[in-house]
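A.B. asks: One structure, pasted below without further comment.
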Amino acid sequence: MTVSSRRSFVTGLATLAAIPLVPNVRARVPSSNEGVVRELYRVAESPNLDADRFVSLFVKDGYFLDVSSGQRWVGQEVREPVTGLISAYPDMHRELLKVYSDAGGAVIVELRLQGTHRGNLPLPDGVLRATGKTFDVACCDVWQLEDGKVTSFHCYNSLVAWLKG
Numbered sequence: 001m002t003v004s005s006r007r008s009f010v011t012g013l014a015t016l017a018a019i020p021l022v023p024n025v026r027a028r029v030p031s032s033n034e035g036v037v038r039e040l041y042r043v044a045e046s047p048n049l050d051a052d053r054f055v056s057l058f059v060k061d062g063y064f065l066d067v068s069s070g071q072r073w074v075g076q077e078v079r080e081p082v083t084g085l086i087s088a089y090p091d092m093h094r095e096l097l098k099v100y101s102d103a104g105g106a107v108i109v110e111l112r113l114q115g116t117h118r119g120n121l122p123l124p125d126g127v128l129r130a131t132g133k134t135f136d137v138a139c140c141d142v143w144q145l146e147d148g149k150v151t152s153f154h155c156y157n158s159l160v161a162w163l164k165g
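Everything in the sequence shown is counted per the UniProt record's numbering, starting at 1 for the first residue and increasing by one.
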């Protein structure tokens, strides 16, 4: 190695040392998509639920899939599970534990669903009458967004654990 190439090598190392390290893949990527998802949770928990606001954050044919029950709501229907939950569980709370975002539009949220079953809950096979039981169930929500709007929302929860209370 010549003196000139050693200098280039040393200069290159010094340049690399001055560049801040890029966070690893597990690091949270700040995104406006995360802000949209946090707004959806805020709206869903508001005592005066604004279902129109909730729907407005989805694309026209965006959907909400409750994986445990297999129920799927598309477009304007995405208001139904939110309004149904607030009437069955007026104290419904979603405790957000961890939020992960990526540059591709995915937002994944680990959370706990908590509340008291004080109203009727519509289910695919009929209505579950209020039980008065409280629940605290782990959940994972997977959101996909495009241009600041939700294209899909998959809610992974244990309906059996939820209804057991």
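Quick reminder that beta carbons are idealized off the backbone N, C-alpha and C, glycines included.
Just so we're clear, the structure is a prediction, and the values are computed from it rather than from any experiment.
Taking the continuous alpha helix (DSSP H) assigned at Y89, which residues delimit it?
C.D. replies: Here residue 89 refers to the residue found at position 89 when the sequence shown is read from its first residue. Per DSSP, Y89 is not a residue of any alpha helix (DSSP H), being assigned neither H nor E.
A.B. asks: Give the single residue among L49, W143, V107, N157 whose Cα lies nearest to the Cα of D136.
C.D. replies: Stepping through the sequence shown from its first residue, residue 136 is reached at position 136. Comparing Cα positions, the closest option is N157.
A.B. asks: Tell me which residues share the same chain as V127 and place their Cβ nearer than 6 Å to its Cβ, disregarding the 5 neighbours each side in the sequence.
C.D. replies: In the sequence shown, residue 127 corresponds to position 127, counting from 1. Answer for V127: N120, listed in chain order.
A.B. asks: Distance check for G75 and C139, CA to CA, integer angstroms please.
C.D. replies: As a working note, residue 139 is residue 139 in the sequence shown. As a working note, residue 75 is residue 75 in the sequence shown. So the alpha carbons of these two residues sit roughly 23 Å apart.
A.B. asks: Write down every uninterrupted run of the alpha helix (DSSP H) in the UniProt domain "SnoaL-like" (37-152) whose length is 4 residues or greater and which is fully enclosed by it, in chain order.
C.D. replies: 51-56, 79-88
A.B. asks: Taking Cβ positions only, does L65 come closer than 8 Å to chain D?
C.D. replies: Here chain D cannot be found, since the structure has a single protein chain.
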